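Engineer:
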Amino acid sequence: MSTKQEPARIHENPKVNRRKMLKYLGAAGTVAVAGTLMSSKIGLSKGQAVDHNSGIIREIAEEVVQDHLVDVWSDIRSRGINVLLPPAPLVGAKGDGIIDDTEAFRQLAALGLPLFVPKPEHFYKITGTIHLKNSMFGVNMPMIKMVDSDGSRDKILLQIANYHGNGLVIEGLHLLSDYDGSSPPQGDAEYAHGVKIMSSKNVFVRNNKIELMFGDGVMIGNSGELPRYSENIHVTRNEIVNPRRGCVVVISGKSIWIENNKIEDNHSYVGSVILETDNDSNEIMEDITIAGNKFSSNGNFIQIHSKNNEYHGIKILNNVGASSYFVRATTRYDDSPRMMRDVEIINNIFYAGKGASRFLHLRWCPGVKVEDNIDYGTGANGWTIANNEGIKIRRNDIMGTRPIAMALTQENMLIEHNYIKDSTVAEPYGAIRLTRFSGSIVRGNTIRTAKCGISCEDENPVKDVLFDGNYIHATNRHINLAGMPANNEIVITSTNVYIGGVADNAVFNGEKLKQWHSPISNKSIIGVKWAEQQPTEGVWVQGDLVYRVHPSSGGYLGWVCVQSGDYAGTPPVFKQFGLIES
């Protein structure tokens, strides 16, 4: 049978070989092939081919699709199918940067079929929103440009609303607008997003460049219809550059992944990644993962704000870059019961050089885990964390020179095995500043080259606090209790090591402790001290030992403090011990 008759044979017998199927595809201009692999990507039923000329859906043998789909797809591309499928020239899309291609794209999108967009000679000129019902794939990164954007909602480039299919993919496109960084005109002037996803499910935005949008790069929210959130949305491996508002914004979402994107945001108007519900109690923010992104942001990299809703399950992992704040999270009011729970900030690297250069500002986020991060920021109060009961701060390295590394105001914290260097703040504040910290454990931390190690402040006595195994190298006070009232139940064990500074300032204002739990817990060096003669001044605690530098036959090994001083200038009482035989 001749080649010309082969398309007819597809109707008669779907079990065609791969070569014949490719000939049919090339001749008829098929818009899509879907099988076990492609159906999950483009949303067609398994084993279908669509011919734009006839409009007939023809069945292709299941075993052929399964055996050869990857090769078929490769061969289709290698054949140079360089038109929109259905072919753009047939419906008017030119891609010359002069003729308006908006209606051509709209007509194609209205068919509900996946679109394959070739790279044009210049770019596709768009003047209004394209409403997608199915996937859009770019071939060789075609540029689709929204021109003359005024920031209005009519200038959203790609919009997906109420999609609940198996998967809608936007991939391989260069989406461009013309925001130049200037202040927008008055009115509705910052909503021209690159991709807007509303009340949809199973949407993938990946491997695109989204640039200069007069709104958000990608916005994820609700359409006003139920459900009032989007679910299983993946924004991955995109390059998102300098939008008017956020690079990726979630208004209402569940199971959202923002991963492995390159984010460049020279504007500080809002954050680069924003999680913020509107004034709609039906909106949700659950199971949000922000991971593996590379960022450079003049404003906040991640901005989280809760107005009417509790947020759950926010994971911020493995991101690297510089911004004014790495994460800034607040609720609507400081005393708001609307909180963010189960937030994890783990294994991120933050560099200095942008704006305030601060790592964290968290309020009303109970149960937060901040672990294994490296912070090179230099802004004062680099970590400000308040009203976050049960927070765990573990194994972080704070490397930048700054006045206060951590300012922590909450109870029941676990602060352990962190490394902090080069804190320049002077008393009364420390590299770690603690306020209202009852029930907290501070152990195993290393503080290097600080003026003051840990400062404690509160209007009321604290209780059930442990300082254990910390290494504090300070030029003056190591643990400063000057800001505390009397009768604090703080256990300062003998395993803390104090280097540098003034011996009497190791635990400053130690009389504000309810009791000492170790006779040597307030000395600059653990264990004994050495002296040429018996101490006659300074602050000493009963049980302290001082050894002679040069003991001799018939003399004594040293002195033991048998009566503590009163911290008001009265010297302690020492007695000799350890007679050495002649």
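When we follow full-length UniProt numbering, the leftmost residue of the sequence shown carries the number 1, and every step to the right adds one. Backbone N, C-alpha and C define an ideal beta-carbon position, used for all residues, glycine too. This one's a predicted model, so the numbers in the text were calculated from it and none came from an experiment.
#1: Based on the DSSP output, what are the partners of A322 in its beta bridges?
#2: Comparing C-alpha positions only, which one of Y269, K294, E286 and E283 sits nearest to Q303?
#3: Ordered along the chain, which non-local residues of its own chain (more than five positions away) have a Cβ less than 6 Å from that of S423?
#4: Please list, in chain order, all residues of the same chain as W383 whose beta carbon is under 6 Å from its beta carbon, the five residues on each side excluded.
#5: What residues match up with A380 in a beta bridge as DSSP calls it?
#6: Expressed to the nearest angstrom, what Euclidean distance is found between the alpha-carbon atoms of P142 and S183?
#7: Is it buried or exposed for E283, if we count other Cβ within 10 angstroms and need 16 for buried?
#8: Under a three-way DSSP split, which group does G469 fall into?
#9: What residue from G367, L466, I349 and D375 has the CA that sits closest to A386's CA?
#10: Measuring alpha carbon to alpha carbon, tell me which of Q515, S306, G510 and F467 ends up nearest N494.
#11: Between which two residues does the beta strand (DSSP E) carrying R206 extend?
#12: Would you decide whether V343 is buried or exposed? Buried here means 16 or more other CB atoms lie within 10 Å of its CB.
#13: Answer with buried or exposed for R244, where buried requires no fewer than 16 other C-beta atoms within 10 angstroms of its C-beta.
#14: Cutting at 6 Å between CB atoms, please list the residues of its own chain near K529, excluding the five before and the five after it.
#15: Quick check on the burial criterion: 16 or more other C-beta atoms within 10 angstroms. Buried or exposed for H550?
#16: Does DSSP classify A88 as helix, strand or coil?
#17: So, is G543 buried or exposed, given that buried needs 16 or more other C-beta atoms within 10 angstroms?
#18: Less than 6 Å between C-beta atoms, sequence neighbours within five positions excluded: which residues of the same chain meet that for N381?
#19: At the level of alpha carbons, what is the spacing between N266 and K209?
#20: Alpha carbon to alpha carbon, what distance is there between P485 and Q159?
#21: When burial is assigned at 16 or more other CB atoms within 10 Å of the CB, is E581 buried or exposed?
#22: Locate the alpha helix (DSSP H) running through E103, then write down its first and last residues.
#23: Report, in whole angstroms, the separation of the C-beta atoms of W257 and V241, which I expect to be a contact under 8 Å.
#24: If we count the other Cβ atoms within 10 Å of its Cβ and call it buried at 16 or more, is I99 buried or exposed?
#25: Looking only at DSSP bridge pairs, what is M406 linked to?
#26: Around the Cβ of A426, are there at least 16 other Cβ atoms within 10 angstroms (buried) or fewer (exposed)?
#27: Looking only at C-alpha atoms, which of Y191, D458 and M219 sits nearest to A482?
#28: How long is the line joining the alpha carbons of F105 and H131, rounded to whole angstroms?
Structural biologist: Well, looking at it:
#1: S296 and Y351
#2: Y269
#3: A405, A431 and A450
#4: F359, L360 and M406
#5: None; A380 has no bridge partner.
#6: 29 Å
#7: buried
#8: coil
#9: G367
#10: The residue you asked about is not Asn; residue 494 is Ser in the sequence shown. For S494, the nearest C-alpha among the options comes from F467.
#11: K201 to R206
#12: buried
#13: buried
#14: V546
#15: exposed
#16: Because A88 sits at a pLDDT of 37, beneath the cut-off of 50, its placement in the model cannot be relied upon, and the point is left open.
#17: exposed
#18: I404 and A407
#19: 16 Å
#20: 59 Å
#21: exposed
#22: T102 to A110
#23: That pair is no contact at about 20 Å.
#24: exposed
#25: W383 and I432
#26: exposed
#27: D458
#28: 9 Å
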